[in-house]
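I have placed the structure first, in the form of structure tokens, so that the comments after it can refer back to it.
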Amino acid sequence: MIELKTDTIVKHFKNRKIEIERKVLEIPKSEILHFLNKEEFNSHCRNACPNHNRKWTCPPNCPNFEDYSKSYSKIQLFLFVTSTKQFDFLSQEECSLGAYNFTKEELQNDLRINEPIDGKMIAANSCEICTSCSIIKGKSCYFPEKMRYNLVAFGFNVGKILTDLFQHELKWSAKNIIPEYVSSVGAILKK
Ligand code: SF4
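Numbering (numbering that gives the first Met the number 0), first residue to last: 0 to 190.
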């Protein structure tokens with residue numbers, strides 16, 4: 000039985016209090032491998048994402064997860080969920096993206112704070128440390144100590160991780176439709 004810890008954290012956006020539901024669970028690293036399908040999920044990046052091959056953290060530049068994680072035995076998964084109603088002071092066009100970017104940034108901060116010295120954070124998104132990734136200029140990563148890969152780039156089925164482990168359904172925005180909530184997920188590999 001996986002223990003799921005849930006709490007609510009309060010952060011601020013444009014001087015307003017925003018509540019985020021934080022869910023955390025930890026499993027043996029071997030159990031996350033069922034959700035890995037690099038070929039299928041990297042093909043979505045290749046076909047649909049403008050960052051493909053334009054960041055060191057994105058396919059095809061992301062290492063194989065099995066190689067990257069071989070010295071770790073556990074993975075702690077973090078899910079942040081934020082109700083979009085709290086962003087109803089924004090325009091309809093800005094609401095979903097504003098809520099998502101805020102949630103992702105807060106998760107990213109939480110992961111960086113919680114990354115142990117002998118562990119490794121798996122970020123909530125592709126690396127955004129530099130305005131333009133050094134790969135565009137054919138140079139090595141400017142901040143190799145800070146850059147972190149993410150679950151999607153490794154080739155994980157993130158939707159299935161959320162339904163199977165968190166019993167949580169992703170909701171998507173569409174034209175004129177604001178989802179009830181936005182979600183962001185990251186992880187920490189541990190010894
Ligand atoms: S730290 Fe900068 S150069 Fe390195 S992957 Fe991130 S954006 Fe690219």
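Yeah, the Cβ is synthetic: ideal placement off N, Cα and C, and Gly gets one too.
Query raised in the report: Of the choices 180, 166, 136, whose alpha-carbon is the least far from that of residue 81?
Result: 180
Query raised in the report: What is the DSSP secondary structure of residue 87, reduced to helix, strand or coil?
Result: coil
Query - Environment of residue 79 [buried if 16+ CB atoms lie within 10 Å] - result: buried
Query raised in the report: Between which two residues does the beta strand (DSSP E) containing residue 123 stretch?
Result: Segment: none, residue 123 is in no beta strand (DSSP E) and carries neither H nor E.
Query raised in the report: Can you pull the DSSP bridge partners for residue 184?
Result: 78
Query raised in the report: Which one or two residues does DSSP pair with residue 7 in a beta bridge?
Result: 20
Query - Same chain only: Cβ atoms within 8 Å of residue 54, ignoring 5 sequence neighbours per side - result: 60, 125, 126, 132, 134
Query raised in the report: Can you tell me the Cα-Cα spacing of residue 52 and residue 120, whole angstroms?
Result: 21 Å
Report task. Could you check how far apart the C-beta atoms of residue 107 and residue 18 are, in whole angstroms? I think they sit under 8 Å. Result -> At roughly 18 Å, the Cβ-Cβ gap does not stay under 8 Å, so residue 107 and residue 18 are not in contact.
Query raised in the report: To the nearest angstrom, how far is it from the Cα of residue 149 to the Cα of residue 88?
Result: 31 Å
Query raised in the report: Roughly how many angstroms lie between the CA atoms of residue 97 and residue 175, to the nearest whole one?
Result: 15 Å
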